[in-house]
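So for the sequence shown, the working numbering puts the first residue at 1; every next one is plus one.
Where is the CB? At the ideal position from N, CA and C, for every residue including glycine.
Single-structure report; data block below.
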Amino acid sequence: MVHDPISVLDALMIALSGIVIVFLMLALLWGVIAVISRVMGVLEKHTAHPASVSAAAPAAAAPAAAPAPVPQVKLEGVSEVEAACVMAIVSHETGIPLDQLVFKSIKAV
């Protein structure tokens, strides 16, 4: 069963209809996103309003706690400079501030 090839005009019409359908779907998606964004904005305004009223009358702030003493790091076969470099690298690579990390020991392997 051999079909005749489609003409150039038919091929152009098929391609054009495909492009039109894609752009219509993109426009529909844009509209849905715009509507959802506006609805979420209205909902956030309504939920944020009571919070701003309660924030207008702040309670007395509790005094800040004194920082905990820093435990000593046990260094085994490394200098203090090398240990400081290791700590800085770990802090940078993990994205955790250095004051939130606790090192118990650092040893050369």
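Using a Cβ-Cβ distance under 8 Å, would residue i count as near chain C?
i	result
residue 11	Absent from the structure is chain C; it holds one protein chain and no more.
When the Cα atoms are used, what is the spatial distance from residue i to residue j?
i	j	result
residue 79	residue 88	14 Å
residue 44	residue 27	26 Å
residue 95	residue 82	20 Å
residue 84	residue 73	10 Å
residue 19	residue 29	15 Å
residue 24	residue 32	12 Å
residue 46	residue 40	10 Å
residue 22	residue 7	23 Å
residue 93	residue 107	19 Å
residue 14	residue 4	16 Å
residue 12	residue 42	45 Å
residue 101	residue 34	43 Å
residue 17	residue 38	32 Å
Is residue i helix, strand or coil by DSSP?
i	result
residue 37	helix
residue 75	strand
residue 105	strand
residue 18	helix
residue 91	helix
residue 4	coil
Assuming contact is defined by CB atoms lying nearer than 8 Å, are residue i and residue j in contact in what I supplied?
i	j	result
residue 97	residue 91	yes
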